[in-house]
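This report refers to the structure that appears directly beneath it.
Written out as C-alpha cells, the structure is:
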C-alpha cells in the first residue's frame, strides 16, 4: 500500500478520492507538477515547486501550504514508500463547489508512483498538428486535445504549431539543432519545462521562433521532458531530420543531463533503465 | 439524501467519489450534458441525450449504456429525489488510468440538483475577450479559461471572439437581433446549444458570422442557455445595445420558450421563480 498526502493527512493512495463536485471533475480546473525521485533523492525539486506555485497563482488557487512544508511532506512520502525510481506528482484542484463554477477551497494532494523505464528508441517519428494549448504557460490539468489525438495517433507524438510556428508537444518540449550547431527551442506559447531549462543551460541554447522551415533545415531535433529526459527525433511529418539517425549533440546533451542528475542523486538514472 | 447513479448502481450522491487516477482529475478529460426537470418532467431530454452521445463519440468515450436505459435511469432518479425544479447532469469521464494518459474504462454518473431561480436582470452587461475554446462543438468538462476569467470579472459574463468574430460565452450562446428584426447567432466554433436550437426554430433565425461591427449595429442582443433560457443583454464593452433596455423580440422569445416548456411539463417554469 503506497502512501499519499491529501489536505494535511497521510492516507493510503488507494483511498484518495474526490467527491464529484470537485472542479477538476466538473470543469477541468486544476494544476499539477511532476518530478523524479532517483535513489530516493528528488531531482530539480526547487524548480518544480517554483513552477507549481506559479501555475497555482495563475489560476488563483491557494495550496494552503508553504514550499518548505511541501518539501518535508515529499521527504516523508519518499521515506514511507521507499521506491527506488519514482515520480512525485503534486495536484491542486479547484475543490468542491456547490454551484459547480466557483472556487471555495482547493483540494491539494501529493502522490508517488513507480516510474516506468523510458522507452528505448532509435528516434521518435512525430507529426505536426495545428493547435494552441489554452494558457500554455500554466501546467494545468487540461489535455483535452492531446488525449483526443492520442487514440488516433500512428506516430510517436504530435507536435503542435500555429500557422507553421512550432510550440511544443502535449507533454514535452521541442528542440532543434541548427546547421550552425545552435540549440534552439520555441520561445512563445510553451510551458517552461524544467528539463527544457536544464538543456538550455547545458547547451547555451536559445529561445526563439521555430518554424516548419527551420525544421527542414535543422541538423538534429529532440524532445525533452522529466520522464523522457533528452530523446532524439528522426522524422517530422515527411521530413527526415539530418541523416535520419539520432544526432550527436542530442546524445551528448542527454549524457550531460544524466551526469547532472548523478551529481544530485548520487546515482545515474540510467542504471535503472 | 439525494440519490445519484454511478456505473450501474444507485447510490447516495454524497458518496459519489472518483479515485484521483480518473482522467478527469488527471487530464481534464470528460464530457457532460445538463437539462432541466420541471414539474418532474425532463425538458428537451432527447436533444440533450443526442448531444451527449455526440460529445462522447468525439472523445472516443463509451458510456456503456444505451439512450433508452439512460432515460429510465433519469426517470428513476426523478421519482426517488422528487425535486420540483431541478437539473439533471450526465457526466462521462476518461475513467481510471494507471498510466495517467490512456483511456481504459470510462466512469459514467448521473446527478440531480435543485435549481436556483435564474437571476432577475434588467439586462446583462458583458465584455468581449479574445479566446477560442478547445473543441468547442464538444460539451467537454474543460472550462479552464472561463473559470480563470470568472474571478477577475466585473461584468455579468465574458463573450469570446477571435479577430472580432464572435463565438459564444463560456457556458451560453450569443444572439443578436438585426435592424431588420432578423435573429442571428454565430455559426462556427460554438457548442450547438439546445436552447439555441429551440430559439432558432421559434424565431426562424439564422446561423452566420457575427462580428463586433454587427453588434454595434444590432437592435437587440441576448444570451441563451438551459438555466438562463433567454435573457437580454444591454451592454457589450462600451457599446449600448438598442436603447439600453431589454429588447421586445428578446422578451417575446423568452415567453414563447416558456410556453413550449409549459406544453411539455404541464407547468410554466416561471411559476417556480
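Residue numbers (this note's numbering), protein chains in the order written: chain X, 1 to 273; chain D, 1 to 273.
Built from N, CA and C at the ideal position, the CB exists for glycine as well.
Just so you know, these numbers come straight off a predicted model, no measurement behind them.
Chain D residues whose Cβ lies nearer than 9 Å to that of residue i
i, result
"residue 135 of chain X", "144, 145 and 148"
"residue 287 of chain X", "Because chain X is modelled from 1 through 273, residue 287 of chain X falls outside the range shown and cannot be assessed."
Distance cut-off 7 Å: residue i Cβ against heavy atoms of the ligand MN
i, result
"residue 263 of chain D", "Because no ligand of any kind appears in the structure shown, any question about the ligand MN cannot be addressed here."
C-beta neighbour in chain A for residue i, strict 8 Å
i, result
"residue 175 of chain X", "The structure shown contains no chain A; the protein chains it does contain are X and D."
C-alpha distance - residue i paired with residue j, whole-angstrom precision
i, j, result
"residue 112 of chain D", "residue 138 of chain D", "22 Å"
"residue 160 of chain D", "residue 142 of chain D", "15 Å"
"residue 191 of chain D", "residue 167 of chain D", "9 Å"
"residue 42 of chain D", "residue 28 of chain X", "27 Å"
"residue 263 of chain D", "residue 230 of chain D", "18 Å"
"residue 32 of chain X", "residue 252 of chain D", "47 Å"
"residue 135 of chain X", "residue 265 of chain D", "42 Å"
"residue 119 of chain X", "residue 244 of chain X", "19 Å"
"residue 34 of chain X", "residue 140 of chain X", "12 Å"
"residue 165 of chain D", "residue 49 of chain X", "39 Å"
"residue 61 of chain X", "residue 55 of chain X", "9 Å"
"residue 234 of chain X", "residue 187 of chain X", "22 Å"
"residue 226 of chain X", "residue 125 of chain X", "19 Å"
"residue 203 of chain D", "residue 39 of chain D", "26 Å"
"residue 15 of chain X", "residue 19 of chain D", "7 Å"
"residue 271 of chain X", "residue 158 of chain D", "Residue confidence is low: residue 271 of chain X scores 49 on pLDDT, short of 50, so the model does not pin down where it sits. Its coordinate-derived value is still stated next. About 52 Å."
"residue 103 of chain X", "residue 147 of chain D", "9 Å"
"residue 211 of chain X", "residue 249 of chain X", "20 Å"
"residue 74 of chain D", "residue 26 of chain D", "28 Å"
"residue 240 of chain X", "residue 21 of chain D", "38 Å"
"residue 6 of chain X", "residue 145 of chain D", "26 Å"
"residue 17 of chain X", "residue 154 of chain D", "35 Å"
"residue 174 of chain X", "residue 36 of chain X", "20 Å"
"residue 53 of chain D", "residue 45 of chain D", "12 Å"
"residue 81 of chain X", "residue 117 of chain X", "19 Å"
"residue 71 of chain D", "residue 9 of chain D", "15 Å"
"residue 273 of chain D", "residue 152 of chain D", "At residue 273 of chain D the pLDDT is 43, less than 50, meaning the model places this residue with poor confidence; the figure from the coordinates comes in the next sentence. So the two alpha carbons sit approximately 29 Å from each other."
"residue 208 of chain D", "residue 193 of chain D", "15 Å"
"residue 107 of chain X", "residue 63 of chain X", "8 Å"
"residue 156 of chain X", "residue 206 of chain D", "43 Å"
Residue i (DSSP reduced to helix, strand or coil)
i, result
"residue 127 of chain D", "strand"
"residue 225 of chain D", "strand"
"residue 31 of chain D", "strand"
"residue 55 of chain X", "helix"
"residue 141 of chain D", "coil"
"residue 151 of chain D", "coil"
"residue 241 of chain X", "coil"
"residue 192 of chain D", "coil"
"residue 275 of chain D", "A query on residue 275 of chain D cannot be resolved here, the shown segment of chain D reaching from 1 to 273 and no further."
"residue 187 of chain D", "coil"
"residue 14 of chain D", "helix"
"residue 61 of chain X", "coil"
"residue 95 of chain D", "strand"
"residue 8 of chain D", "coil"
"residue 87 of chain X", "strand"
"residue 231 of chain D", "strand"
"residue 74 of chain X", "helix"
"residue 25 of chain D", "helix"
"residue 115 of chain D", "coil"
"residue 279 of chain X", "Residue 279 of chain X lies beyond the residue range present for chain X, which begins at 1 and ends at 273; the question has no answer from this structure."
"residue 250 of chain X", "helix"
"residue 261 of chain D", "helix"
"residue 273 of chain D", "Residue placement at residue 273 of chain D cannot be trusted, given a pLDDT of 43 that sits under 50; the coordinates are not used to answer."
"residue 19 of chain X", "strand"
"residue 132 of chain X", "coil"
"residue 206 of chain D", "strand"
Neighbour list for residue i in chain D, Cβ cutoff strictly below 8 Å
i, result
"residue 151 of chain X", "60 and 103"
Chain X contact residues for residue i, given Cβ-Cβ distances below 8 Å
i, result
"residue 140 of chain D", "28 and 144"
| task | Give the residues from the segment 42–75 of chain X that approach chain D closer than 8 Å (Cβ to any Cβ), ordered along the chain. | result | The residues in question are 58, 59 and 60.
| request: Report yes or no: do three or more beta-carbon pairs, one from the segment 100–117 of chain X and one from the segment 80–92 of chain X, lie closer than 8 Å? | output: Touching, yes.
| request: Closer than 9 Å, Cβ to Cβ, to anything on chain D: give me those residues from the segment 9–40 of chain X, in chain order. | output: If you check each beta-carbon in the segment 9–40 of chain X against every beta-carbon of chain D, the ones closer than 9 Å belong to 13, 14, 15, 16, 17, 18, 19, 20, 21, 22, 23, 24, 25, 26, 27, 28, 29, 30 and 32.
| task | Flag this pair as touching only if the segment 253–270 of chain X and the segment 198–218 of chain X have three or more C-beta atom pairs under 8 Å; answer yes or no. | result | These segments touch.
| field | At least three beta-carbon pairs within less than 8 Å, the segment 163–181 of chain D to the segment 215–224 of chain D | value | Three or more pairs of CB atoms, one per stretch, sit closer than 8 Å, so the segment 163–181 of chain D contacts the segment 215–224 of chain D.
| Residues of the segment 79–94 of chain D with Cβ closer than 9 Å to any Cβ of chain X, in chain order | Residues 89, 91, 93 and 94.
| field | Contact between the segment 123–134 of chain D and the segment 93–100 of chain D (3+ Cβ pairs under 8 Å) | value | The segment 123–134 of chain D, when compared against the segment 93–100 of chain D, does not touch it at the 8 Å Cβ threshold.
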